[in-house]
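If you're matching them up, the sequences are chains C and P in order.
Position one of the first sequence corresponds to residue 1 (the working numbering), numbered consecutively onward.
Position one of the second sequence corresponds to residue 1001 (the working numbering), numbered consecutively onward.
Where a beta carbon is used, it is the ideal one built from N, C-alpha and C, also for glycine.
Predicted model only: the values in this text are computed from it and were never measured.
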Amino acid sequence: GAVVSQHPSWVICKSGTSVKIECRSLDFQATTMFWYRQFPKQSLMLMATSNEGSKATYEQGVEKDKFLINHASLTLSTLTVTSAHPEDSSFYICSARGGVPYEQYFGPGTRLTVT
Amino acid sequence: QKEVEQDPGPLSVPEGAIVSLNCTYSNSAFQYFMWYRQYSRKGPELLMYTYSSGNKEDGRFTAQVDKSSKYISLFIRDSQPSDSATYLCAMSVGVKTSYDKVIFGPGTSLSVIP
């Protein structure tokens, strides 16, 4: 299957700082990318959907000013958690959808810990 | 009622057993059904997908969809310790546009004991 990478895989930051997470599709062009959040032993919660060159569409209850998403190219999307707080600590996973409609590939995830 | 329901487990079986994982859903518009496997602290990996009703087999894995009952299943034959993971069912109405969101079940934790 196609490969999606995420960087960093693990980050610790202080409360009030911002953190940027990168998501790259390595061997295909991702027309659509999705950002999910996952709490321990819970399912994936969709945060937002982004298309290359367009503004992201955020799910209800997700603060767009806090979770900034940029999908600048067909292979790169970034999620910036601004003014992070301890309650933002979570596992963030990106996913990319390319040419094959039903196939949505996931990155390995980024574990964010805000102290 | 949640859109997709799945027994969280944990489910523990001996090596070699047949495993049955199930999900129910409420939205009759769902057409695409998928199963993902997620190892601890990793992103989900697509195992199988099925369109509409019917069965699909891939090696030791068989996916079944019964749209009349709004029920999907994943069977794992000759289970191995390496199958120990969380299995997420997922479904969507469509898959072609960015508006086609995939809805995930909460996942079932499976342990295969050697």
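When the Cα of residue i is compared with those of the options, which residue comes out closest?
i: Ser54(C); options: Gln38(C), Lys20(C) and Ser77(C); result: Ser77(C)
i: Phe1104(P); options: Ser1079(P), Ile1072(P) and Asp1078(P); result: Ile1072(P)
i: Val1013(P); options: Phe1075(P), Ala1090(P) and Val1102(P); result: Phe1075(P)
i: Val1102(P); options: Asn51(C), Gln6(C) and Leu46(C); result: Leu46(C)
i: Cys1023(P); options: Ser1111(P), Leu1088(P) and Ser1079(P); result: Leu1088(P)
i: Val114(C); options: Ser90(C), Gln42(C) and Gln104(C); result: Ser90(C)
i: Ala30(C); options: Arg111(C), Val19(C) and Ser95(C); result: Ser95(C)
i: Ser1053(P); options: Met1034(P), Leu1011(P), Ile1018(P) and Leu1021(P); result: Met1034(P)
i: Thr17(C); options: Glu52(C), Asp88(C), Leu44(C) and Ser25(C); result: Asp88(C)
i: Ser1028(P); options: Gly1094(P), Phe1061(P), Gln1080(P) and Leu1046(P); result: Gly1094(P)
i: Pro1114(P); options: Thr1062(P), Ser1020(P), Pro1106(P) and Gln1080(P); result: Gln1080(P)
i: Gly109(C); options: Tyr1051(P), Arg1041(P) and Lys1002(P); result: Arg1041(P)
i: Ser1020(P); options: Ala1090(P), Thr1062(P) and Asp1100(P); result: Thr1062(P)
i: His71(C); options: Val19(C), Ser25(C), Lys14(C) and Ser43(C); result: Ser25(C)
i: Lys1106(P); options: Lys41(C), Arg37(C), Tyr105(C) and Gln104(C); result: Looking at the sequence shown, residue 1106(P) is not Lys but Pro. The shortest C-alpha separation from Pro1106(P) is found at Lys41(C).
i: Lys1002(P); options: Ala48(C), Glu103(C) and Ser43(C); result: Ser43(C)
i: His7(C); options: Val19(C), Lys14(C) and Ser15(C); result: Val19(C)
Do residue j and residue i have their beta-carbon atoms positioned less than 7 Å apart in this structure?
i: Leu74(C); j: Ile21(C); result: no
i: Tyr1036(P); j: Val1004(P); result: no
i: Phe12(C); j: Gly1043(P); result: Note that residue 12(C) is Ile in the sequence shown here, rather than Phe. Result no, Cβ atoms of Ile12(C) and Gly1043(P) do not sit closer than 7 Å.
i: Asp27(C); j: Val62(C); result: no
i: Gly1086(P); j: Gln1006(P); result: Strictly speaking, residue 1086(P) in this sequence is Thr, with Gly absent from that position. No. Outside cutoff.
i: Met1084(P); j: Tyr1032(P); result: With the sequence shown as reference, residue 1084(P) is identified as Ser, and Met is not the correct amino acid for it. No, they are not a contact pair.
i: Cys23(C); j: Gly98(C); result: no
i: Gly1185(P); j: Asp1078(P); result: The structure shown does not extend to residue 1185(P), since chain P spans only 1001 to 1114, so no value can be given for it.
i: Arg111(C); j: Trp10(C); result: yes
i: Met33(C); j: Ser5(C); result: no
i: Leu1046(P); j: Leu1110(P); result: no
For residue i, which of helix, strand or coil comes out of DSSP?
i: Pro1081(P); result: helix
i: Pro86(C); result: helix
i: Asn1027(P); result: coil
i: Ala72(C); result: strand
i: Glu1003(P); result: coil
i: Pro1014(P); result: strand
i: Arg1041(P); result: coil
i: Gln1064(P); result: strand
i: Thr115(C); result: coil
i: Gln29(C); result: coil
i: Glu22(C); result: strand
i: Gln38(C); result: strand
i: Gly1054(P); result: strand
i: Asp48(C); result: According to the sequence displayed, residue 48(C) carries Ala and not Asp. Three-state DSSP puts Ala48(C) in a strand.
i: Val1112(P); result: strand
i: Ala56(C); result: coil
i: Thr1086(P); result: strand
i: Ser43(C); result: coil
Beta carbons nearer than 9 Å to chain C: which residues of the region 1098 to 1110 of chain P have them?
Ser1098, Tyr1099, Asp1100, Lys1101, Val1102, Ile1103, Phe1104, Gly1105, Pro1106, Gly1107 and Ser1109
Are at least three pairs of beta-carbons, each pair with one atom in the region 81 to 88 of chain C and one in the region 45 to 60 of chain C, less than 8 Å apart?
no
Taking 8 Å as the threshold, find out whether the region 64 to 71 of chain C comes into contact with the region 1057 to 1073 of chain P through three or more Cβ pairs.
With the cut-off at 8 Å, the region 64 to 71 of chain C and the region 1057 to 1073 of chain P do not touch.
Closer than 7 Å, Cβ to any Cβ of chain C: which residues of the region 1052 to 1079 of chain P, in chain order?
Per Cβ criterion, the list is empty.
Along the region 12 to 30 of chain C, where does the CB come closer than 9 Å to a CB of chain P? Name the residues.
none
Which residues of the region 1031 to 1051 of chain P have a Cβ closer than 8 Å to any Cβ of chain C? Give them in chain order.
Tyr1032, Met1034, Tyr1036, Arg1041, Lys1042, Gly1043, Pro1044, Glu1045, Leu1046, Tyr1049 and Tyr1051
Can you pull out the residues from the region 42 to 58 of chain C whose beta carbon lies closer than 7 Å to at least one beta carbon of chain P?
Gln42, Ser43, Leu44, Leu46, Thr49 and Asn51
Residues in the region 101 to 112 of chain C having any Cβ partner in chain P nearer than 9 Å:
Correct list: Pro101, Tyr102, Glu103, Gln104, Tyr105, Phe106, Gly107, Pro108, Gly109 and Arg111.
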